[in-house]
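**Q** In this note's numbering, the protein residues as written are 22 to 311. Think of the CB as a built atom: it goes at the ideal place given N, C-alpha and C, for glycine as much as any other residue. Structure incoming, see below.
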């Protein structure tokens with residue numbers, strides 16, 4: 022499988038084909054010389070379970086190599102799917118691994134397979150000030166049953182700045198961002214864990230999903246955490262809680278932490294919220310219990 026590269030000031034438009042997997046506009050995309058594919062947003066075990074249990078059909082598109090140089094902000098608008106964004110120090114460029122999938126059920130596996138062609142996405146590299154760049158992704162579907170579909174993205178870059186994601190029926194995981202995060206999804210968990218002190222706005226909203234936010238010493242915020250049908254847990258071993266609200270309870274936590282004024286707003290329904298400003302915030306496994 023060959024990656025595709027996106028030069029500065031250009032975009033790629035995918036027009037998936039059942040046989041060719043990915044269509045590119047040749048005038049703005051060059052084929053990189055690199056070879057090979059690596060892990061996708063959902064693990065092999067998870068995808069096998071989805072295929073066996075739900076009759077899900079999926080296809081891996083070739084990875085996309087975006088020629089980034091400075092700090093990179095990620096901006097995603099998608100009709101649905103899981104998003105994983107992480108910082109990998111020393112990585113050259115920004116690597117995007119897309120997976121198209123459809124879940125119509127076992128009795129409609131042929132419908133699911135044919136609907137993969139209806140999904141499309143565009144990747145743009147937008148230059149900014151002070152060497153900062155934005156990788157923007159817009160995913161869409163022309164299928165009338167798009168609620169059965171999703172495009173998953175795994176994105177890796179050396180210097181991850183801010184992250185903005187709008188998706189549906191998918192989880193969103195962000196690791197080692199250096200700037201603010203704004204995520205809205207449904208029917209999926211949100212996880213933001215970083216080793217960098219956070220003094221920028223953090224907005225995390227889902228429904229029927231868990232939310233985890235973990236940051237290190239030096240992180241601040243005006244916290245407003247609320248769950249309907251779940252519980253709210255907080256642990257501030259590396260930050261001082263300056264003031265709290267009388268309305269705080271098992272499913273609500275409002276407080277000023279660390280002296281900063283940046284909002285930390287978290288909302289979910291039928292899921293728990295866990296926040297922590299602690300030593301080694303990224304030192305957790307797939308399941309966070311604290």
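Shortest alpha-carbon distance to residue 250 belongs to which of 195, 271, 234, 199?
**A** Comparing Cα-Cα distances from residue 250 to each of 195, 271, 234, 199, the minimum goes to 271.
**Q** Taking the beta carbon of residue 170 as the centre, do at least 16 other beta carbons fall within 10 Å, making it buried, or is it exposed?
**A** Buried, by the Cβ-count rule.
**Q** Could you say if the stretch 114 to 128 and the stretch 192 to 207 meet the contact criterion of at least three C-beta pairs nearer than 8 Å?
**A** The stretch 114 to 128 vs the stretch 192 to 207: no contact.
**Q** Roughly how many whole angstroms lie between the Cα atoms of residue 207 and residue 224?
**A** Taking the straight line joining both Cα atoms gives about 14 Å.
**Q** Mind checking whether residue 212 and residue 194 have CB atoms under 9 Å apart?
**A** The answer is yes: Cβ separation under 9 Å.
**Q** Nearest by alpha-carbon distance to residue 248: which of 189, 105, 232 is it?
**A** That would be 232, whose Cα lies nearest to the Cα of residue 248.
**Q** If you run the structure through DSSP and keep just helix, strand and coil, what is residue 74?
**A** The answer is helix: DSSP assigns residue 74 an H, G or I state.
**Q** Considering only C-alpha positions, which residue in the set 281, 98, 92, 76 is nearest to residue 188?
**A** Taking only the C-alpha atoms, the option nearest residue 188 is 98.
**Q** Could you give the DSSP three-state label for residue 65: helix, strand or coil?
**A** Correct three-state label for residue 65: helix.
**Q** For residue 23 and residue 254, what's the separation of their Cα atoms in angstroms?
**A** Confidence at residue 23 is low in this model, with a pLDDT of 42, below 50, so the placement of that residue should be treated as unreliable; the coordinate-derived value is given next. Each residue's Cα considered, the two are about 45 Å apart.
**Q** Ends of the alpha helix (DSSP H) at residue 133?
**A** Per DSSP, residue 133 belongs to the alpha helix (DSSP H) from 130 to 136.
**Q** Whose CA, out of 209, 131, 95, 114, lies closest to the CA of residue 159?
**A** With distances taken between Cα atoms, residue 159 lies closest to 95.
**Q** Relative to the alpha-carbon of residue 135, which residue among 273, 243, 162 has its alpha-carbon at the smallest distance?
**A** The candidate whose alpha carbon is nearest that of residue 135 is 162.
**Q** May I ask which residues mark the beginning and end of the beta strand (DSSP E) holding residue 225?
**A** Its beta strand (DSSP E) spans residues 223 to 226.
**Q** Can you give the Cα-Cα distance for residue 222 and residue 111, rounded to whole angstroms?
**A** About 27 Å.
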